[in-house]
Structures are given as structure tokens and as C-alpha cells.
Amino acid sequence: MTSLRTRTSDNDSTYSARADHRHHHHGALGLAEEIQHQLSCLPPVDTGKHAYLFLLACFVLSALVWSYGFCFGILSDYYARTEPFKGSSAIANIGTCCSGLMYLGGFPALVLNRMYPRWARYSPLIGLLILCGGLCVSAWATNVTQLIITQGVVYGIGGAIAYTPCTMYIDEWFVKRKGLAYGIMWSGTSLAGVVLPLILERLLESYGYQTTIIIWSVVLFGITAPLAWYIKPRIPPLPVRSLRAFNLRFSLSRRFILYQISNTIEAIGFYIPGIYVPIYAGDVLGASEFASSVCILIFNTSAVVGCVAIGWLIDRFHVTTCVMVSTIGATLGTFLLWGCAESMPMVYIYCVSYGLSAGSFSTTWTGVMREVSGKDMLTTPSTSSSVDPVMVFVLLAAGRGIGNVVSGPMSQAMYHAMPWKGEAGMAYGSGFGSLIVFTGLTALGSGICFLGRRVGWC
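Position one of the sequence shown corresponds to residue 1 (the UniProt record's numbering), numbered consecutively onward.
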């Protein structure tokens, strides 16, 4: 009897094991079939309604979220002549905190989104709530410190959280036309710099500071929040944490270091013309306030065209070639056009040249992402190497943020020193000579990656 029970128990165990094996086998087949079905149902890349709606949403969100940097010149001037902010020496820190945090905040925002991929879908809306909330609260600020906290720190953190998913998901939606897509997305920031300063200036004159800030925050949220729904991944996120975002070994490679040096050097000088060319036009050439402000409008309009053009080129040529196109245009334009500008038409021509060349430099990041991650533009994100190309992007953005922070005090010191005034010819002897030379040299230095490729360093 004992033997019979033992054999019966053994048979039951064998049957149970076989049943479990068949169950797991069928389960694995079912899971594979489900995954294959989901992949076949994914929207197409590079084309189709979903891809275009995603790009439109990124274009508008980038334009409006980054618009503060383009409008800060208007706000800074208003703060400097209006109580209770009038006379404060810390007004410039508002814009520096905002833009610096938006550039530098991309790294922690990406890490969190990679760790919790299902929550990343809601990052644009969360960031917009923080951003617009800080902007709205700033309407009741009574000193510059409160403006730094609300419009600088809170706005910058919210902006970084809001725009990071745009750079995360664009890699999934666009493959063959990735460079063009990035160019279109970033051109939105320049387009906003054409329209929004004019609107903001008119609102400040008509309604005052508090009402203008409230209107701006409500309109910004009202336009971008519905579009945030379309900023979503093409490939459904896995319910697991991704550790790819923490692979930073590429940042120590010679290739990436050269690209980052080029990027940071360019950023140090990039912001100088946007601040000081209008001042030069007014102080040296005697241009009216409107004629001076037209410089910024021309620069931003040209940058829209430049971003799209470089985006098109980056899909067809090596990144260093595109960087060199930007470098030559910005360097020659600064030394020959701004340096020789003794009339407003020459200044306007320089703004066109600088906007087309330097204004599109950040669009070359797409090519850097491709080179550093070892990913060909024709491959899909799922077949890429262990280097996360979006992590490459946020580190480049951090380098640009560092350049932005360094540029402020350096350019201010050169402006107040006014070297070579009355000693050199043309614009070089106007007191702005050091700014012109410094801008030209940093533009030239941005081409160091081109030289590095020629000698085999990258």
C-alpha cells in the first residue's frame, strides 16, 4: 500500500510539473504574441497624425516655456524703473536663475523620468503647474528677492520638468527626420522671441505689472496644458525602473569632452549680442528705442530659419561639418559686421547673420547625440547602444547653462570697463570693442570639435 501511494504521488507530481510547463509555455507564447500585436499597432515614425501632433505640442510648449528668457529684457527694464524693484542690483539674477535652472535641471528631471517611466507621461502637466503657479504668485512680489524665488527658482524648476519629456520622446517619434524635428522644436523658442516681447511690452504699458503677470500665467497654462496630452511616448513604457539614465561613462570619453568644450565655449559668448547690440545701437548710433528693439526681433526671426536649416543639414552631414557652418558664420559676422557697424542697416545685417549661424547652434546637439551614443539615424531607439542619447542631450544643455551663468558677470565687467574707447577704429573704439572681440573668439572656439575630428580626436 505504501508503494502504491508513493507511485501515485510520483505520478501526480510528474503530471503537475508537465501541466505547469505547458502553462508557462503557453503563457510565454501568449505574452510574445501580445507584445508583437502591440508593436504592430504602434503609430508610424517620422510621419502620421500622432507624430505631427507630438511635434506641434513640443513646438508650442518649448516656445512658451522658454519665452521668459526672451522676455526678460523687457521685464528687467520695467523692474529697473518701477517701484518697489527700482534701483536693485540683483535684478539680473532673476533671469540667470531661471535660464540656468532650466538648462541644469534637465539632468535630475531625466533621471526621475527614467526611474519612474509611467509617471513621466504626466511631467509636462506637473511642470506647467509649478511654472505657472510660481509666475502667478510673483504678481504679488514686493521685492527682488521674492522675484528671484518665484520667477527665477520656481519657474526654472517647473520649466525643466515640463520640457524634458519633449527631448525624451522625440527620439521615439522621429528617426530619419530626427534632426529636422529637433530644429523645428527649437525654432519655436526663437519665434516666441519675435512675438512675445512686443505683446508683453504693450500689456505692461496698458495694465501694469501685476495684471500683466496674471494674464501671462493664465494664458500660458491655458494654451500649453491641453497640448501636454500629446507629449507622450510612442512606445508604451515598461513598469520597471530603467537604469540606462545613470550610465555616464560616455561623459569621460574624448569625443564627448571635445563636443562639450565646443558647446560651452559657444554658450559663453552667445548671449552677449542679444543683450548689448541693442545698447550699442542706442548709445553709440543714437537709434530710437524701437529701432534698437528691432535688433532682437531680427535676430530671433533669423534663428527660426537657422534652426530648421541646420536641422535639415544635420540629417545629411557629419555634426562637425554643421558646427563649422555655424562657427564660420558667427565668427566672420561678429568681427566684420558688428566690428565695422557704423550705421543701423549694418547692425541689422549682423543680426540676420548671427541669428542664422549662432542662433541655430543648439540644433547640432542631435548630431552629437548620434555620434556619442553610436546610434545611426536610421535605427530605432530599441536597437541603440547602452548610452542614452537623451542623457547626452541634457548634459549638453547643462554645459550651455554653465556658459550662460559665466557669461553674465564677464560681459558686465567688460561693458563697464569700456576698453579701447577712442583708441581703435569703427565699433572697436566705441567702448564695445572687448565685447565684440570676446564674442568673436568664443564663436571661433566653438569649432574646436571640427579641428578635433581632423586630427582624429573624435
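No residue lacks a Cβ here, since even glycine has one placed at the ideal position from N, Cα and C. Predicted model, so just to flag it, every value in this text is computed and none were measured.
**Prompt:** Thinking C-alpha only, which one of N404, Y155, T145 and G422 is nearest A90?
**Reply:** Here residue 90 is taken as the residue at index 90 of the sequence shown, counted from 1. Of the listed residues, the one whose Cα sits closest to A90 is T145.
**Request:** Consult DSSP for N143 and reduce its assignment to one of helix, strand or coil.
**Result:** Along the sequence shown, read from residue 1 onward, the residue named residue 143 stands at position 143. Here N143 sits in coil by DSSP.
**Message:** For Y122, count the other beta carbons within 10 Å of its own beta carbon; 16 or more makes it buried, fewer makes it exposed. Which is it?
**Reply:** For the purposes of this step, residue 122 is taken as residue 122 along the sequence shown, with counting starting at 1. Looking at its Cβ environment, which holds fewer than 16 other Cβ atoms inside 10 Å, Y122 is exposed.
**Message:** Do V368 and S187 count as a contact pair if the criterion is CB distance below 8 Å?
**Reply:** The residue labelled residue 187 in the question sits at position 187 within the sequence shown. The residue labelled residue 368 in the question sits at position 368 within the sequence shown. No, the pair does not count as a contact, with Cβ atoms beyond the cut-off.
**Request:** Consult DSSP for S343 and reduce its assignment to one of helix, strand or coil.
**Result:** The count along the sequence shown starts at 1 and reaches residue 343 at position 343. Of the three classes helix, strand and coil, the one that applies to S343 here is coil, per DSSP.
**Buried or exposed by the 16-neighbour rule on C-beta atoms within 10 Å, applied to T82** = Position 82 of the sequence shown, counting from 1, holds the residue named residue 82. T82 sits exposed, since fewer than 16 C-beta atoms from the chains shown fall within 10 Å of its C-beta.
**Request:** Inspect the CB distances between the region 169-186 and the region 47-58 and report whether three or more fall short of 8 Å.
**Result:** Cβ pair count under 8 Å is three or more, so yes.
**Asked** Which value, in whole angstroms, describes the spacing of the CA atoms of T380 and P389?
**Response** As a working mapping, residue 380 is identified with position 380 in the sequence shown. As a working mapping, residue 389 is identified with position 389 in the sequence shown. The predicted model places T380 with a pLDDT of 40, which falls under 50 and marks its position as unreliable; any figure quoted below should be read in that light. Rounded to the nearest angstrom, the two C-alpha atoms are 12 Å apart.
**Item:** CA-to-CA distance, K421 to C166, given in whole angstroms
**Value:** For the purposes of this step, residue 166 is taken as the residue at position 166 of the sequence shown. For the purposes of this step, residue 421 is taken as the residue at position 421 of the sequence shown. Roughly 46 Å separates the two Cα atoms.
**Prompt:** Below 8 Å between beta carbons: does that hold for G431 and S357?
**Reply:** For the purposes of this step, residue 431 is taken as the residue at position 431 of the sequence shown. For the purposes of this step, residue 357 is taken as the residue at position 357 of the sequence shown. The Cβ atoms of G431 and S357 lie no closer than 8 Å to each other.
**Request:** Kindly give me the distance between the Cβ atoms of C98 and Y155, rounded to whole angstroms, as I take these residues to be in contact under 8 Å.
**Result:** Position 98 of the sequence shown holds residue 98. Position 155 of the sequence shown holds residue 155. C98 to Y155, Cβ: 5 Å. Contact.
**Request:** Report yes if the C-beta distance between S326 and T189 is below 8 Å; otherwise report no.
**Result:** Here residue 326 corresponds to residue number 326 of the sequence shown, with the count starting at 1. Here residue 189 corresponds to residue number 189 of the sequence shown, with the count starting at 1. For S326 and T189, no; Cβs fall outside 8 Å.
**Neighbourhood of S88 by C-beta distance below 7 Å, restricted to the same chain and skipping five residues each side** = Here residue 88 corresponds to residue number 88 of the sequence shown, with the count starting at 1. Around S88: V144.
**Request:** Report, in whole angstroms, the separation of the C-beta atoms of I402 and T364, which I expect to be a contact under 8 Å.
**Result:** As a first step, residue 402 is located in the sequence shown; it is residue number 402 there, counting from the start. As a first step, residue 364 is located in the sequence shown; it is residue number 364 there, counting from the start. Not confirmed; about 18 Å, so no contact.
**Prompt:** According to the neighbour-count rule (16 or more other Cβ atoms, all chains shown, within 10 Å of its Cβ), is A267 buried or exposed?
**Reply:** For the purposes of this step, residue 267 is taken as residue 267 along the sequence shown, with counting starting at 1. The residue in question, A267, is buried, as its Cβ has 16 or more Cβ neighbours within 10 Å.
**Request:** Within its chain, find whatever has a CB closer than 6 Å to the CB of T331; leave out the 5 residues flanking it on each side and keep chain order.
**Result:** Taking the first residue of the sequence shown as 1, we reach residue 331 at position 331. Here the set comprises G440, A443 and L444.
**Prompt:** Taking just the CA atoms, how far does L395 sit from E371?
**Reply:** As a position in the sequence shown, residue 371 is number 371, starting the count at 1. As a position in the sequence shown, residue 395 is number 395, starting the count at 1. Distance between the alpha carbons of E371 and L395: 14 Å.
**Message:** Quick check on the burial criterion: 16 or more other C-beta atoms within 10 angstroms. Buried or exposed for G374?
**Reply:** On the sequence shown, residue 374 is found 374 positions in, with the first residue counted as 1. Classification of G374: exposed, given that the 10 Å Cβ count is below 16.
**Asked** Over what stretch of residues does the alpha helix (DSSP H) that includes M102 continue unbroken?
**Response** The residue given as residue 102 occupies position 102 in the sequence shown. That run of the alpha helix (DSSP H) goes A92 to L104.
**Message:** On a Cα-Cα basis, can you pick out the residue from Y209, G452, K178 and F361 that is closest to A141?
**Reply:** Locating residue 141 in the sequence shown gives position 141, where the first residue counts as 1. Nearest of Y209, G452, K178 and F361 to A141, Cα basis: Y209.
**Prompt:** How about the region 334-344 and the region 273-287: do they share at least three Cβ pairs that are nearer than 8 Å?
**Reply:** yes
**Asked** Which word fits L198, buried or exposed, when buried means at least 16 other C-beta atoms lie within 10 angstroms of its C-beta?
**Response** Counting from one through the sequence shown, the residue named residue 198 turns up at place 198. Label assigned to L198: exposed.
**Message:** A192 and L297 - do their beta-carbons sit closer together than 8 Å?
**Reply:** On the sequence shown, residue 297 is found 297 positions in, with the first residue counted as 1. On the sequence shown, residue 192 is found 192 positions in, with the first residue counted as 1. Cβ atoms of L297 and A192: not closer than 8 Å.
**Request:** Check whether the Cβ atoms of L336 and I349 lie closer than 8 Å to each other.
**Result:** Numbered from 1 along the sequence shown, position 336 holds the residue referred to as residue 336. Numbered from 1 along the sequence shown, position 349 holds the residue referred to as residue 349. Cβ atoms of L336 and I349: not closer than 8 Å.
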